[in-house]
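*Asks:* Here's a structure for you.
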Amino acid sequence: MVDRTAFWKAETRTRASSLFLGAALVLVAVAIAAPAFVGRGALRDLFFILTMLVLAQSWNLLAGYAGLVSVGQQAFVGFGAYAMFAAVSLWGVDPISAIVLAGVAAGLLALPTGFFVFRLQGAYFAIGTWVVAEVVRLSLAQWKALGGGTGTSLPAGATRDFAPVAWIQGLFGVRPAHAVDILTYWLALALAVAAIAFIYRFLLTRQGLGLAAIRDNELAAGALGVDARRLKWAVYVATAFITGLTGALIYVQTARISPDAAFSVVDWTAYVIFIVVIGGIGTIEGPIVGVILFFLLQNGLSQYGSWYLLVLGLIAILVMLFAPRGLWGLFADRTGIQLFPVRRTLRQAGPKPQTSDSRGGPHG
Amino acid sequence: MPILALDNVSKKFGALAVADRISFEVPQGQALGIIGPNGAGKSTLFNLVTGNLAVDAGSIAFAGQDVTRLRAMRRCAMGIGRTFQIPQPFGKLTVFENLLVAAAFGANEQEADATERCAAILEETGLARQANRVAGSLSLLERKRLELARALATDPKLLLLDEIAGGLTEGECGQLVETIRAIHARGVTVIWIEHVLHALTPVVDRLLVLHFGRVIGIGDPREMMESEAVREIYLGIEI
Ligand SMILES: Nc1ncnc2c1ncn2[C@@H]1O[C@H](COP(=O)(O)OP(=O)(O)OP(=O)(O)O)[C@@H](O)[C@H]1O
Ligand SMILES: [Mg+2]
Chain A
140 MVDRTAFWKA ETRTRASSLF LGAALVLVAV AIAAPAFVGR GALRDLFFIL
190 TMLVLAQSWN LLAGYAGLVS VGQQAFVGFG AYAMFAAVSL WGVDPISAIV
240 LAGVAAGLLA LPTGFFVFRL QGAYFAIGTW VVAEVVRLSL AQWKALGGGT
290 GTSLPAGATR DFAPVAWIQG LFGVRPAHAV DILTYWLALA LAVAAIAFIY
340 RFLLTRQGLG LAAIRDNELA AGALGVDARR LKWAVYVATA FITGLTGALI
390 YVQTARISPD AAFSVVDWTA YVIFIVVIGG IGTIEGPIVG VILFFLLQNG
440 LSQYGSWYLL VLGLIAILVM LFAPRGLWGL FADRTGIQLF PVRRTLRQAG
490 PKPQTSDSRG GPHG
Chain B
5 MPILALDNVS KKFGALAVAD RISFEVPQGQ ALGIIGPNGA GKSTLFNLVT
55 GNLAVDAGSI AFAGQDVTRL RAMRRCAMGI GRTFQIPQPF GKLTVFENLL
105 VAAAFGANEQ EADATERCAA ILEETGLARQ ANRVAGSLSL LERKRLELAR
155 ALATDPKLLL LDEIAGGLTE GECGQLVETI RAIHARGVTV IWIEHVLHAL
205 TPVVDRLLVL HFGRVIGIGD PREMMESEAV REIYLGIEI
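Chains as they are written, first to last, in my numbering: chain A, 140 to 503; chain B, 5 to 243.
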């Protein structure tokens, strides 16, 4: 029974999550050191995994938590990429500053596009985001200084002459192109860690709780004082910023841009949705599992051409039918393990001895 | 100054007038009961007061401030708390987290401060043992309790209760009446829609009778129950 004199507290941490945090720190340390012992090919693979992971985390926050099912996130990938290209090749900004600028530019783009898409509900919202992406793509394809419809490349010296690249060259004794790959890999690693930490911290705040309430029942959330409109706007702009940063980083590494590639709905939205759905929407763990599986599938099936897309689609359908909460959801349901717990468990923390039913945990 | 004042509030769904020039005032600290047959427009009236529905005409003032055009979340933050007749829990959140949302946003409390108060409310509403259960797994009766608990967690000045006594046993109903009485005694103004009249009458100071979206009487509960108009409406309905 409840003890009146006891003092209460809410806890989110679990033993599994504390262990995981330790393991994650070790993993990140190893990942930072990776360029010393893995080759360029592996670095490029890791770069791909990390950047797709950031896009997936960002889409998951948008769709899985805020309920904003966008199929137009390529607008921010492409816009970020173009903003970075313009900053580097037209205005001589260094690549890292250009990536930050690109993120800000994408966040700013979200203000007018949000004004448009927030007028739409459900499926119309999704269609609206796609229309916005097409409009942005067609507009940037008119930008002659950046190659118009056919695209352009970054000036050869833009990344090679960048001071950190020279420093990395010295550090590892590698050629400039390899040093650029190391730099972009590190940036992708930093971005992935920062994005996950930011999203997780956000979910643990009051606003994060409000977002979960909106996801579950928007009507009730409003009646209880949650400002759904403001929260959705905040998430929309924040994910545009993250997506823009990622787009810019991807194209620093690629060093060549064209409107069709930078605004590809398949690369930057369809694959991302696939990753989130098979991994498990509405969890941070889901996209991590999803991106690894996606990478393995892509490598294993790439020689089969268009069959590859068919298999991806088939897998997505099977997962949606048999594990609607994704592979991570399946695992978490069986084991009760959460690596990024957001559940606030009410516990008695008073001086009195605790009774067994005050321990909380997933009973019932 | 009345805490709630409705002035000629009207609302139509298509051709159906569910609120027809409704005007009444509720003084601070009063408990008002609302009765009326199914479909009379009682829940709709709540939705208009809370801002979950927009009025077609008329105005609503809360604590002297015109709230007619304010969004539901604003009105909640000002002190209007409500329950839903059909419970609307946050299904994937726990019972405790459901209350935490209400306390953090409706009462604008920091989570640490809110925890203690939410725990007390859970106890008061008989949900302490369900605190860490996912709301989606609750029974209907537990969900109704959660509605009340969550509304209380917003720390309301005006509490709107929409049929929370249905389906309770005699004993549970008595407990609920005691809980509402205690809340009312703390100075919270209560408006309570209820078909279970023996729960309502011991608590309310006045009774409002709604029929086809119109107020057909408001006054002393006993007098209202015995009035000709009410007897006519409820003819053949056991009360
Ligand atoms: N969103 C809506 N759209 C159209 N009609 C509605 C809507 N909501 C309610 N109605 C209709 O308005 C009328 C009043 O509904 P309301 O829910 O306010 O009645 P009530 O007095 O609460 O009834 P009950 O005692 O059954 O809860 C009913 O005829 C109902 O069918
Ligand atoms: Mg009703």
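Heads up, the beta-carbon is just placed ideally off N, CA and C, and yes, glycines get one too.
The model shown is predicted, which means the values in this text are computed figures rather than measured ones.
Between Asn-199 of chain A and chain B, is any beta-carbon pair separated by less than 8 Å?
*Replies:* Walking along the first sequence from the start, residue 199 of chain A turns up at place 60. Not one chain B Cβ lies under 8 Å of Asn-199 of chain A.
*Asks:* Starting from Gly-349 of chain A, follow the alpha helix (DSSP H) in both directions and report where the run begins and ends.
*Replies:* Your numbering for residue 349 of chain A matches position 210 in the first sequence. Where Gly-349 of chain A is concerned, the enclosing alpha helix (DSSP H) stretches over 345–355.
*Asks:* Assuming Leu-150 of chain B and Pro-93 of chain B are in contact, meaning their beta carbons sit under 8 Å apart, how far apart are those beta carbons, in whole angstroms?
*Replies:* Here residue 150 of chain B refers to the residue found at position 146 when the second sequence is read from its first residue. Here residue 93 of chain B refers to the residue found at position 89 when the second sequence is read from its first residue. Indeed, because the Cβ distance is near 6 Å, the residues count as touching under 8 Å.
*Asks:* Which residues neighbour ligand 2 when neighbourhood means a C-beta less than 7 Å away from any of its non-hydrogen atoms? List them by chain order.
*Replies:* That query returns the following residues: B:Lys-46, B:Ser-47, B:Gln-89, B:Asp-166, B:Glu-167, B:Ile-197.
*Asks:* Alpha helix (DSSP H) containing Ala-23 of chain B: first to last residue?
*Replies:* Indexing the second sequence from 1 puts residue 23 of chain B at position 19. First-last for Ala-23 of chain B: 20–31, but that is the beta strand (DSSP E), not the alpha helix (DSSP H).
*Asks:* Let me check you understand the geometry: is the CB of Phe-216 of chain B closer than 7 Å to at least one non-hydrogen atom of ligand 1?
*Replies:* Residue 216 of chain B sits at position 212 when you count from the first residue of the second sequence. For ligand 1, not one heavy atom lies less than 7 Å from the Cβ of Phe-216 of chain B.
*Asks:* Taking Ala-65 of chain B as part of the beta strand (DSSP E), name the residues at either end of that continuous run.
*Replies:* Sequence index remark: in the second sequence, residue 65 of chain B carries index 61 (1-based). Note, Ala-65 of chain B: beta strand (DSSP E), 61–66.
*Asks:* Does chain B have any CB closer than 8 Å to the CB of Arg-345 of chain A?
*Replies:* Looking up residue 345 of chain A in the first sequence gives position 206. Interface residue, yes.
*Asks:* Does Leu-97 of chain B get closer than 8 Å to chain A when you measure Cβ to Cβ?
*Replies:* Walking along the second sequence from the start, residue 97 of chain B turns up at place 93. So, interface residue.
*Asks:* Gly-500 of chain A CB to nearest chain B CB: under 8 Å?
*Replies:* Within the first sequence, residue 500 of chain A is the residue found at index 361, counting from 1. Residue confidence is low: Gly-500 of chain A scores 39 on pLDDT, short of 50, so the model does not pin down where it sits. Its coordinate-derived value is still stated next. So yes, Gly-500 of chain A belongs to the interface.
*Asks:* Can you tell me whether Ala-316 of chain A is buried or exposed, with buried defined as 16 or more other CB within 10 angstroms of its CB?
*Replies:* Counting from 1 along the first sequence, the entry for residue 316 of chain A is found at position 177. Label assigned to Ala-316 of chain A: exposed.
*Asks:* Determine the closest residue to Ala-377 of chain A out of A:Met-223, A:Ala-168, A:Gly-242, with distance taken between C-alpha atoms.
*Replies:* Looking up residue 377 of chain A in the first sequence gives position 238. Among A:Met-223, A:Ala-168, A:Gly-242, the Cα nearest to that of Ala-377 of chain A is on A:Gly-242.
*Asks:* Here's the rule I'm using: 16 or more other beta-carbon atoms within 10 Å means buried, otherwise exposed. How should Trp-147 of chain A be labelled?
*Replies:* Numbered from its first residue, the first sequence carries residue 147 of chain A at position 8. By the neighbour-count rule (16 or more Cβ atoms within 10 Å), Trp-147 of chain A is buried.
*Asks:* Rounding to the nearest angstrom, what Cα-Cα distance links Leu-250 of chain A and Tyr-375 of chain A in this structure?
*Replies:* Position 111 of the first sequence, counting from 1, holds the residue named residue 250 of chain A. Position 236 of the first sequence, counting from 1, holds the residue named residue 375 of chain A. Straight-line Cα distance between these residues: approximately 9 Å.
*Asks:* If you drop the 5 nearest sequence neighbours on each side, which residues of the same chain put their C-beta closer than 8 Å to that of Ile-237 of chain B?
*Replies:* Along the second sequence, one-based indexing puts residue 237 of chain B at 233. Excluding sequence neighbours, Ile-237 of chain B sits near Gly-40, Pro-41, Val-213, His-215, Ile-220.
*Asks:* When you check each C-beta in the region 361–394 of chain A against every C-beta of chain B, which residues fall closer than 7 Å?
*Replies:* Those residues of the region 361–394 of chain A that come within reach of chain B (Cβ to Cβ, closer than 7 Å) are Gly-361, Ala-362, Leu-363, Gly-364, Val-365, Asp-366.
*Asks:* Report the residue from B:Ala-203, B:Leu-204, B:Leu-8 whose alpha carbon sits nearest the alpha carbon of Asp-70 of chain B.
*Replies:* Sequence index remark: in the second sequence, residue 70 of chain B carries index 66 (1-based). Of B:Ala-203, B:Leu-204, B:Leu-8, the residue nearest in Cα terms is B:Leu-8.
*Asks:* Could you tell me whether the Cβ of Gly-110 of chain B comes closer than 8 Å to any Cβ of chain A?
*Replies:* Translated into positions along the second sequence, residue 110 of chain B becomes position 106. So, interface residue.
*Asks:* For the region 474–486 of chain A, list every residue whose C-beta sits within 8 Å of some C-beta in chain C, in sequence order.
*Replies:* Among the protein chains of the structure shown, namely A and B, there is no chain C.
*Asks:* Can you say whether Trp-196 of chain B is buried or exposed, counting buried as having 16 or more other CB atoms within 10 angstroms of its CB?
*Replies:* Walking along the second sequence from the start, residue 196 of chain B turns up at place 192. Looking at its Cβ environment, which holds 16 or more other Cβ atoms inside 10 Å, Trp-196 of chain B is buried.
*Asks:* My output table needs one value for Arg-149 of chain B: the three-state DSSP class, helix, strand or coil.
*Replies:* Position 145 of the second sequence, counted from the first residue, corresponds to residue 149 of chain B. Three-state result, Arg-149 of chain B: helix.
*Asks:* From what residue to what residue does the alpha helix (DSSP H) around Thr-87 of chain B run?
*Replies:* Counting from 1 along the second sequence, the entry for residue 87 of chain B is found at position 83. No alpha helix (DSSP H) holds Thr-87 of chain B; DSSP gives it neither H nor E.
*Asks:* Whole angstroms is fine: what's the gap from Ala-155 of chain B's alpha carbon to Arg-86 of chain B's?
*Replies:* Position 151 of the second sequence, counted from the first residue, corresponds to residue 155 of chain B. Position 82 of the second sequence, counted from the first residue, corresponds to residue 86 of chain B. Computed Cα separation, rounded: 5 Å.
*Asks:* Cα separation between Phe-337 of chain A and Pro-31 of chain B?
*Replies:* The sequence position of residue 337 of chain A within the first sequence is 198, counting from 1. The sequence position of residue 31 of chain B within the second sequence is 27, counting from 1. Straight-line Cα distance between these residues: approximately 48 Å.
*Asks:* Residues of chain A with a CB under 7 Å from the CB of Leu-92 of chain B: which are they?
*Replies:* For the purposes of this step, residue 92 of chain B is taken as the residue at position 88 of the second sequence. It should be noted that the sequence gives Gln, not Leu, for residue 92 of chain B. Result: Asn-356, Leu-358, Ala-359.
*Asks:* State the DSSP-derived secondary structure class of His-317 of chain A, mapped to helix, strand or coil.
*Replies:* Position 178 of the first sequence holds residue 317 of chain A. Helix at His-317 of chain A.
*Asks:* Quick one: list the residues of chain B neighbouring Ala-351 of chain A, beta-carbon separation under 9 Å, in chain order.
*Replies:* On the first sequence, position 212 is the one that residue 351 of chain A refers to. Within 9 Å Cβ-Cβ: Phe-94, Lys-96, Leu-97, Glu-101, Val-105.
*Asks:* Buried or exposed: Lys-491 of chain A, going by 16 or more other Cβ atoms within 10 Å of its Cβ?
*Replies:* The count along the first sequence starts at 1 and reaches residue 491 of chain A at position 352. Only weak support exists for where Lys-491 of chain A lies, its pLDDT of 48 falling under 50; the value from the coordinates is given anyway. It is exposed - the Cβ of Lys-491 of chain A has fewer than 16 other Cβ atoms within 10 Å.
*Asks:* May I have the straight-line CA-CA distance separating Arg-340 of chain A from Trp-198 of chain A, to the nearest angstrom?
*Replies:* Taking the first residue of the first sequence as position 1, residue 340 of chain A is located at position 201. Taking the first residue of the first sequence as position 1, residue 198 of chain A is located at position 59. For Arg-340 of chain A and Trp-198 of chain A, the distance between alpha carbons rounds to 17 Å.
*Asks:* Are Pro-174 of chain A and Leu-182 of chain A touching if we call contact CB-CB under 8 Å?
*Replies:* As a first step, residue 174 of chain A must be located in the first sequence, where it is residue number 35. As a first step, residue 182 of chain A must be located in the first sequence, where it is residue number 43. Result yes, Cβ atoms of Pro-174 of chain A and Leu-182 of chain A sit closer than 8 Å.
*Asks:* Which residue or residues does DSSP assign as beta-bridge partners of Gly-178 of chain B?
*Replies:* Reading the second sequence from its first residue, position 174 is the one you call residue 178 of chain B. BP columns for Gly-178 of chain B are empty, so no partner.
*Asks:* Kindly list the residues whose CB is nearer than 6 Å to the CB of Ala-379 of chain A, restricted to its own chain and excluding five residues on each side of it in sequence; keep chain order.
*Replies:* Working through the first sequence from its first residue, we reach residue 379 of chain A at position 240. Correct list, in chain order: Phe-215, Ala-245, Gly-246, Ala-249.
*Asks:* For my contact list, Pro-426 of chain A and Ala-195 of chain A are in at a C-beta cut-off of 8 Å; report their separation, rounded to the angstrom.
*Replies:* Counting from one through the first sequence, the residue named residue 426 of chain A turns up at place 287. Counting from one through the first sequence, the residue named residue 195 of chain A turns up at place 56. About 4 Å separates the two Cβ atoms, so the contact holds.
*Asks:* With burial defined as no fewer than 16 other Cβ atoms inside 10 Å of the residue's Cβ, what is the status of Asn-102 of chain B: buried or exposed?
*Replies:* Mapped onto the second sequence, residue 102 of chain B falls at position 98. With 16 or more Cβ atoms within 10 Å of its Cβ, Asn-102 of chain B is classed as buried.
*Asks:* Specify the secondary structure class of His-215 of chain B as computed by DSSP and reduced to three states.
*Replies:* Reading the second sequence from its first residue, position 211 is the one you call residue 215 of chain B. Reduced to three states, the DSSP call for His-215 of chain B is strand.
*Asks:* Quick check: what's the CA-CA separation for Gly-37 of chain B versus Thr-205 of chain B?
*Replies:* The residue given as residue 37 of chain B occupies position 33 in the second sequence. The residue given as residue 205 of chain B occupies position 201 in the second sequence. Each residue's alpha carbon lies about 8 Å from the other.
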